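S.K.:
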Amino acid sequence: MIKINKLNKMIGNKQILYDVNLDVKKGDIFGFLGPNKAGKTTTMKILAGILLPTSGDVFLDGKKMPDARQEVIDKVCFIPDYPLLYDKLTGREYLNFIYSIFKLEENKRSLMIDYYLRKFDLNDQANDLVEDYSLGMKQKLSFAAAFIRNPQVLLVDEPMNGLDPRASRQIQNMFVDFASAGGTILLSTHILDIAERICNKISVINHGRTVATGSMSELRTMMKIESGNLIDIFLAVTDASND
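Just so we're aligned: the sequence shown equals residues 0 to 242 in numbering that gives the first Met the number 0.
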């Protein structure tokens, strides 16, 4: 579903990505992990069509990007690390706006908007302006806007920002259900216990390079850590790639 071959990105005179490779299959919850400034968000923005690659190949659903961006735009949803919303709209108005621009099924508009407002515990604040929402509420509205589109691929950057434990667990469960139904998720997070809990495959990026990829068992074998958790593996991988 997502394939990246030897992706490089220069911003000005600075190289951000060096020959990054990813292969994310349909139904994967694929953890994309790394320290701050490792290149995770840049990679996500290239996949979302926000940035152009300097070189390398990027494919979404078998279509080469950015040439096929218009063909896959309805299938892919990017949720950035900080909600980008229209603050002068109410929550309900914002979902109506999303519904209109993506030309979703008109006869289900009210039903779907009400469903996702309830799903994300925003029903009581549906007619409040987004600017009055807390960070957690804005994050939940971003997820409501994503799921209402019924995408095939979610690109998610630090999805738990601002969420309380109950909302965080709800989002994790929705990710698992989404992938079980055939959706694909590329997930970037610093909360490694969440990645360990829900991701079936993980790639670690450091200094703009992918330095380790595999399942938990494969990463343990690679790093010669028999029973360590993802934090142990992450520290071992990033320490080794810093040498």
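For every residue, glycine included, the Cβ atom is placed at its ideal position computed from N, Cα and C.
Since the model is a prediction, treat every value here as computed from it, not as a measurement.
1) Would you identify the three-state DSSP class for L51, choosing helix, strand or coil?
2) When we look at the beta-carbon of T209 and count the other beta-carbons within 10 Å, is it buried (16 or more) or exposed?
3) Tell me the rounded alpha-carbon separation between D18 and L121.
4) Rounded to whole angstroms, what is the Cα-Cα separation between L83 and D56?
5) Near A243, what residues of its chain come up, given a Cβ to Cβ distance below 7 Å and the 5 sequence neighbours on each side ignored?
6) In whole angstroms, what separates the C-alpha of K107 from that of N149?
7) Using a Cβ-Cβ cutoff of less than 8 Å, which residues in the same chain neighbour R219 once the five nearest sequence positions on both sides are dropped?
8) With a Cβ-Cβ cutoff of 9 Å, do F58 and L185 count as a contact?
9) Indicate the three-state DSSP secondary structure (helix, strand or coil) for Q14 in the structure shown.
10) What does the Cβ neighbour count give for S109, buried or exposed, with the cut at 16 atoms within 10 Å?
11) Could you check if K200 is buried or exposed, using at least 16 other CB atoms within 10 Å of its CB as the buried criterion?
12) Which first and last residues belong to the alpha helix (DSSP H) in which R208 is found?
13) G30 by DSSP, collapsed to three states: which one?
14) State yes or no: is the C-beta of D156 within less than 9 Å of the C-beta of K39?
15) Over what stretch of residues does the beta strand (DSSP E) that includes L154 continue unbroken?
16) Would you kindly work out how many angstroms separate the C-alpha atoms of V71 and K223, rounded to a whole number?
17) Using 8 Å as the cut-off, can you tell me whether the stretch 73–80 makes contact with the stretch 152–168, which would need three or more C-beta pairs spanning the two stretches below that distance?
18) Are the CB atoms of Q171 and I147 nearer to each other than 9 Å?
19) Does the beta-carbon distance from N160 to A37 come in below 9 Å?
20) In the DSSP assignment, the beta strand (DSSP E) including L185 goes from what residue to what residue?
21) Closest by CA to S141, which one among S54, D176, L103, F96?
22) Figure out for me which residue from P52, A166, S179, C76 has the closest Cα to the Cα of A144.
23) Could you check whether T41 and L21 sit closer than 9 Å to each other, using their CB atoms as the reference points?
M.R.: Result, derived from the coordinates:
1) DSSP places L51 in coil when its eight states are reduced to three.
2) In the assembly as shown, T209 is a buried residue. Its beta-carbon has 16 or more other beta-carbons within 10 Å.
3) Taking the straight line joining both Cα atoms gives about 42 Å.
4) Answer to the nearest angstrom: the Cα atoms are 28 Å apart.
5) The structure shown does not extend to residue 243, since the chain is modelled only from 0 to 242, so the question has no answer here.
6) So the alpha carbons of these two residues sit roughly 13 Å apart.
7) In chain order, E225, S226, G227, I232 place their CB closer than 8 Å to the CB of R219, counting only its own chain and leaving out the 5 sequence neighbours on each side.
8) No.
9) Here Q14 sits in strand by DSSP.
10) Exposed is the call here.
11) Under this definition K200 is a buried residue.
12) Per DSSP, R208 is not a residue of any alpha helix (DSSP H); the beta strand (DSSP E) it occupies stretches across 208–213.
13) Strand, per DSSP.
14) The answer is yes: Cβ separation under 9 Å.
15) Unbroken beta strand (DSSP E) run through L154: 152–156.
16) For the pair V71 and K223, the Cα-to-Cα distance works out to about 40 Å.
17) Counting C-beta pairs closer than 8 Å gives three or more between the stretch 73–80 and the stretch 152–168, which meets the contact rule.
18) Taking 9 Å as the Cβ cut-off, Q171 and I147 do not qualify as a contacting pair.
19) Contact: no.
20) It spans 183–187 - the beta strand (DSSP E) in which L185 sits, taken as one unbroken run.
21) With distances taken between Cα atoms, S141 lies closest to F96.
22) Closest in alpha carbon position to A144, among P52, A166, S179, C76, is C76.
23) Going by C-beta atoms, L21 is not nearer than 9 Å to T41.
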